[in-house]
Amino acid sequence: MKKGCVFILLISILGLAGCHQHEWIEATCTEPKTCATCNETEGEPLGHEWIEATCDKPKICKRCGEESGKSLGHSVKEYAVTKEATCGEDGSKEGVCTRCGKTVKETIKATGEHSYNDWEVTKEATCTEEGSQKRTCSVCGKTEEQKINKLDHVDDNEWVVTKPATETSSGVRETHCEMCGKTMQRETFELTTEEKNALKSAKNYLKFMAFSRSGLIEQLEFEGYSTEAAEKAVDSLNVDWNEQAAKSAKNYLDFMSFSRSGLIDQLMFEGYTYEQAEYGVTANGY
Ligand SMILES: [Zn+2]
Ligand SMILES: [Zn+2]
Ligand SMILES: [Zn+2]
Ligand SMILES: [Zn+2]
Ligand SMILES: [Zn+2]
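Under this note's numbering, the residues of the sequence shown are numbered -7 to 278, in order.
Below you can see the structure in the form of C-alpha cells.
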C-alpha cells in the first residue's frame, strides 16, 4: 500500500472520502469527462459540432443530434402560376429554390369573391312568418341563404263589434290585420241617444213580429232613424236570425200554403239569407 493511500484510507475512516479507481464516462458535447462514482471531472465539454441549417432542416449537431433555431425555408425568386385560384377553389404555383434547386409548389388561396346572381325568394314573408331568399354564385355554384323579415301587420280599419253595447252598458269593438286577423285596435264605445232609441224600437218590434236583419233595419229607417243608427241598434241586439226565419215561416204557413222552394223565396224576399231561410222552413217540418 502506497503512503498516500494510507493517508486517504485514514481520511475515509474519518468519513471524509473514498479511495477508488475512477470510472470515466467520456466527455460529450455539453459534459466534460466525468467519473461515474465520484463525479470528478477532467478537461472541458467537447462543444457541439454544428451542421449549418438548410432549406428544410434546422442547424443540427453531428454528434448529439441537438437542433438549434429553425430551417431556412426555400428561397424562390419567381413563381409560375400553374392553376389560377377562383372564388371557390384554391389555385397553385411553382418555382425553383435558388438555394437547394428543389421545385417548390404552393397553394394560392381561393379569392372568396363570389359573383352572386340576384336574390331569389324561396319563401314569401308574411306578417306572421319570416320568409327566405337564396342566391347562387355563377362561377362556383356556391349558394347563400338569408331570411326575409316578417311583414308589418296591415290594419283594415274596419271596426267589428265583439261585445254589443246596450242602452246601459258600453260595447267593445276591434279592427284587425287584413292578412292574419290579429287584433290591431280595441276600444269601448257607447251608443248615441239616437242609437239607444233605435234599440228600444227594435226590441219592441221583435216582441210582436219576426224580422230578418235587413227587414228590421229597413223598418227602423222607415221610422226615421239613420241607416247607421239602425244598423248599430240591430247589431247591439243578440238576435238569432235563424230563429226569426223559423218564426216568419210559421206565420206564413198559418195563413197560406207554400211549396218548400216558394217559402224559401218568400223568406229571402223578406231579407233572410238562403241559409237562414232554409233553416226556417226545415224547422217547420219542410
Ligand atoms: Zn472517481
Ligand atoms: Zn452536440
Ligand atoms: Zn431550398
Ligand atoms: Zn363563387
Ligand atoms: Zn297580420
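Quick reminder that beta carbons are idealized off the backbone N, C-alpha and C, glycines included. Keep in mind the model is a prediction, meaning the values are calculated, not measured.
Below 8 Å between beta carbons: does that hold for residue i and residue j?
i, j, result
"L191", "L245", "no"
"G163", "I140", "no"
"E98", "K85", "yes"
"A202", "K239", "yes"
"E170", "A221", "no"
"G35", "P50", "no"
"C79", "T20", "no"
"G87", "Y71", "yes"
"K126", "E116", "no"
Out of the options, point me to the one whose CA is closest to residue i's CA.
i, options, result
"T103", "E116, K115, S124, C129", "C129"
"E166", "D110, A157, N149", "N149"
"T175", "E223, T120, N243, I209", "T120"
"A225", "M201, S204, S193", "S193"
"H66", "A45, E235, E186", "A45"
"R280", "T20, G272, E235", "This structure cannot speak to residue 280, because the chain is shown only from -7 to 278."
"T265", "N234, L143, K51, I209", "N234"
"K54", "C47, W42, E136", "W42"
"Y197", "A269, Q138, V231", "V231"
"V68", "H40, T219, T90, Y278", "T90"
"G277", "M248, D257, S60, A241", "A241"
"Q13", "C27, C79, T20, G80", "C27"
"D48", "I17, V88, C92, A72", "C92"
"L38", "E23, C30, I52, T29", "E23"
"I100", "A117, V113, E81", "E81"
"F200", "M248, N243, L64", "N243"
For residue i, which of helix, strand or coil comes out of DSSP?
i, result
"V(-2)", "Residue confidence for V(-2) is low, a pLDDT of 49 falling below 50, so the modelled location carries little weight; the figure read from the coordinates is stated next. Of the three classes helix, strand and coil, the one that applies to V(-2) here is helix, per DSSP."
"M201", "coil"
"Y271", "helix"
"Q211", "helix"
"Y266", "helix"
"S253", "helix"
"M260", "helix"
"E105", "coil"
"M(-7)", "For M(-7), the predicted structure reports a pLDDT of 47, less than 50, and the residue's modelled location is therefore unreliable. A value from the coordinates is still provided. Correct three-state label for M(-7): coil."
"T180", "strand"
"S4", "For S4, the pLDDT reaches just 49, beneath the cut-off of 50, and the residue's location in the model is therefore unreliable, leaving the point undetermined."
"S206", "helix"
"K115", "strand"
"K62", "coil"
"E186", "helix"
"S193", "helix"
Flag residue i as yes when its Cβ comes closer than 7 Å to any non-hydrogen atom of ligand 4, and as no otherwise.
i, result
"K51", "no"
"K126", "no"
"G80", "yes"
Less than 7 Å separating the Cβ of residue i from some heavy atom of ligand 5?
i, result
"T120", "yes"
"H106", "no"
List the endpoints of the continuous beta strand (DSSP E) containing residue i.
i, result
"F247", "Not the beta strand (DSSP E): F247 falls in the alpha helix (DSSP H), residues 233 to 247."
"A72", "72 to 75"
"T154", "152 to 155"
"H145", "Segment: none, H145 is in no beta strand (DSSP E) and carries neither H nor E."
Considering only heavy atoms of ligand 3, does any lie closer than 7 Å to the CB of residue i?
i, result
"K94", "yes"
"R91", "yes"
Cβ of residue i versus every heavy atom of ligand 1: is any distance shorter than 7 Å?
i, result
"C27", "yes"
"E66", "Residue 66 is actually His in this sequence, not Glu. No, the Cβ of H66 stays beyond 7 Å of every heavy atom of ligand 1."
"E32", "yes"
"H40", "no"
So, is the C-beta of residue i closer than 8 Å to a C-beta in chain C?
i, result
"S67", "No chain C appears in the structure shown, which is made up of a single protein chain."
Could you tell me whether any non-hydrogen atom of ligand 2 is closer than 7 Å to the CB of residue i?
i, result
"E58", "yes"
"C11", "no"
For the alpha helix (DSSP H) containing residue i, list its first residue and its last residue.
i, result
"Q13", "Counting along the chain, Q13 falls outside any alpha helix (DSSP H), and DSSP gives it neither H nor E."
"K284", "Past the edges of the chain, shown from -7 to 278, lies residue 284, and the structure says nothing about it."
Would you say residue i touches ligand 6, meaning its beta carbon is less than 7 Å from a heavy atom?
i, result
"K75", "As for ligand 6, it is missing from this structure, which binds only ligand 1, ligand 2, ligand 3, ligand 4 and ligand 5."
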